[in-house]
Ligand SMILES: Cc1cc2nc3c(=O)[nH]c(=O)nc-3n(C[C@H](O)[C@H](O)[C@H](O)COP(=O)(O)OP(=O)(O)OC[C@H]3O[C@@H](n4cnc5c(N)ncnc54)[C@H](O)[C@@H]3O)c2cc1C
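In the working numbering, the protein residues as written are -18 to 363.
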């Protein structure tokens, strides 16, 4: 099954490289989603039980398969970072709904997400709450039969493109009070009165912006799970999808290595192909070894999560090593290309920019190290 899906992602990715070129960011994201939906790939971001694709033995019907997400993201990232992010946001943005939304809300949204007709986004980060989600200050206050939401969300992928946000807000306690039951998730439609999107650009093509929420009212039916269960829901969503960030990193890195090999074979200096110089040959070997190590870590983490284990250490290790390795490999590929490596529009220049943000979002490298160290230290206690 994974080979078939990888082949389908390759075909879509090849089309994307042609068809997305020259389109503006939002039009490219929309076209990317259409291509993914036509190929039936978006369906893999939603559990089969809620209208998504059936991963058979790879994952229970109530879950999305991390191995499938990883296989698809590695291939999509090889071709287009924008296509990769468009794909995964359908899952990340809708997973809190699949896990904890009411039957009516799931029925209204999830099949359409799986078909690419509704665009999802996940809104947890705030100006004062990044690595530490316990600092979330956006408030949701109960009104008769609903909730009034006020505050600000920052760095929200698909802001301006999405049809809805699964959003984390404070329903009790104080920012930074250390309590884990003060936050709740809600589904907020993008066209809700009082919600404004403020767009900005990041270093690689990626629709993103901040959200200003001023008296946004949602019904109680838009609540995702119990009051106070939001932090755990947001963290379990990130835990499910984090390994796939590592897989996307290996996709960027694999493409960068491919480009380096091609360039070093074709380019001559000092009367010989660059590939004949031992210093550069050693570097190719190093890139390949680190890449394959990263892929093995991704596979181990994905199997663990699909198998029902939190695989906390394996996931943190995969995210940390694969994203850091991808940045290093893309950097070496830029170096191998000389001036062409930094010329705007060259493949390796794009990969270098695409790979960078993966070390930051869904838990920075430092946060992965903290998670790993905690696991190591607590295992020592046993
Ligand atoms: C391209 C992109 C897309 C994103 N998309 C989304 C999205 O769709 N939805 C969403 O909710 N968020 C999104 N984010 C936000 C992202 O999750 C945060 O940027 C990330 O969690 C880091 O938070 P921060 O930027 O506030 O950095 P901070 O938390 O302020 O961290 C700054 C630096 O300090 C380090 N640091 C922090 N705490 C510690 C510590 N205890 N020990 C050691 N070092 C520490 C960090 O590792 C980092 O290097 C996105 C970000 C980017 C760049």
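We treat Cβ as the ideally placed atom computed from N, Cα and C, and that holds for glycine.
Computed from a prediction, not measured in an experiment: that's the story for all the values here.
Are the beta-carbon atoms of residue 147 and residue 74 separated by less than 8 Å?
Counting from one through the chain shown, the residue named residue 147 turns up at place 166. Counting from one through the chain shown, the residue named residue 74 turns up at place 93. Cβ atoms of residue 147 and residue 74: closer than 8 Å.
From residue 51 to residue 125, what does the alpha carbon distance come to, in whole angstroms?
Against the chain shown, residue 51 aligns to sequence position 70. Against the chain shown, residue 125 aligns to sequence position 144. The straight-line gap from Cα to Cα measures roughly 43 Å.
Enumerate, from N- to C-terminal direction, the unbroken alpha helix (DSSP H) stretches of 4 or more residues contained entirely within the stretch 54 to 92.
62 to 81
Can you check which of these residues, 30, 204, 287, is closest to residue 152 by C-alpha distance?
Counted from its first residue, the chain shown places residue 152 at position 171. For residue 152, the nearest C-alpha among the options comes from 204.
Helix, strand or coil, according to DSSP, for residue 38 in the structure here?
Sequence index remark: in the chain shown, residue 38 carries index 57 (1-based). Note: residue 38 maps to helix in three-state DSSP.
Any heavy atom of ligand 1 inside 7 Å of the beta-carbon of residue 111?
Against the chain shown, residue 111 aligns to sequence position 130. Yes, ligand 1 has a heavy atom inside 7 Å of this Cβ.
Can you tell me where the alpha helix (DSSP H) holding residue 222 begins and where it ends?
Along the chain shown, one-based indexing puts residue 222 at 241. Taken as a continuous stretch (DSSP letters only), the alpha helix (DSSP H) holding residue 222 covers 211 to 247.
Residue range of the alpha helix (DSSP H) that residue 268 falls in?
One-based indexing of the chain shown puts residue 268 at position 287. Unbroken alpha helix (DSSP H) run through residue 268: 259 to 287.
Residue 305 lies in the alpha helix (DSSP H); which residues open and close that run?
Counted from its first residue, the chain shown places residue 305 at position 324. Its alpha helix (DSSP H) spans residues 293 to 317.
Residue 123 - DSSP class collapsed to helix/strand/coil
Taking the chain shown and counting its residues from 1, the one referred to as residue 123 is at position 142. Here residue 123 sits in strand by DSSP.
Closer than 7 Å: is that where the CB of residue 136 sits relative to any heavy atom of ligand 1?
By 1-based counting over the chain shown, the position of residue 136 is 155. Yes, ligand 1 has a heavy atom inside 7 Å of this Cβ.
Residue 183 beta carbon near ligand 1 (any heavy atom closer than 7 Å)
Locating residue 183 in the chain shown gives position 202, counting from the first residue. Yes, the Cβ of residue 183 comes within 7 Å of a heavy atom of ligand 1.
Ligand 2 heavy atoms versus the CB of residue 356: any closer than 7 Å?
Absent from the structure shown: ligand 2. Ligands present: ligand 1.
If you run the structure through DSSP and keep just helix, strand and coil, what is residue 116?
The sequence position of residue 116 within the chain shown is 135, counting from 1. DSSP places residue 116 in helix when its eight states are reduced to three.
Taking the alpha-carbon positions, what's the residue 177 to residue 136 distance?
By one-based count along the chain shown, residue 177 stands at place 196. By one-based count along the chain shown, residue 136 stands at place 155. Distance between the alpha carbons of residue 177 and residue 136 is about 14 Å.
Should residue 189 be listed as close to ligand 1, given that the test is whether its C-beta is under 7 Å from any heavy atom?
As a working note, residue 189 is residue 208 in the chain shown. Yes, since a heavy atom of ligand 1 falls inside the 7 Å radius drawn around the Cβ of residue 189.
Alpha-carbon spacing of residue 123 relative to residue 229, whole angstroms:
As a first step, residue 123 is located in the chain shown; it is residue number 142 there, counting from the start. As a first step, residue 229 is located in the chain shown; it is residue number 248 there, counting from the start. Using only the alpha carbons, I get a separation of about 40 Å.
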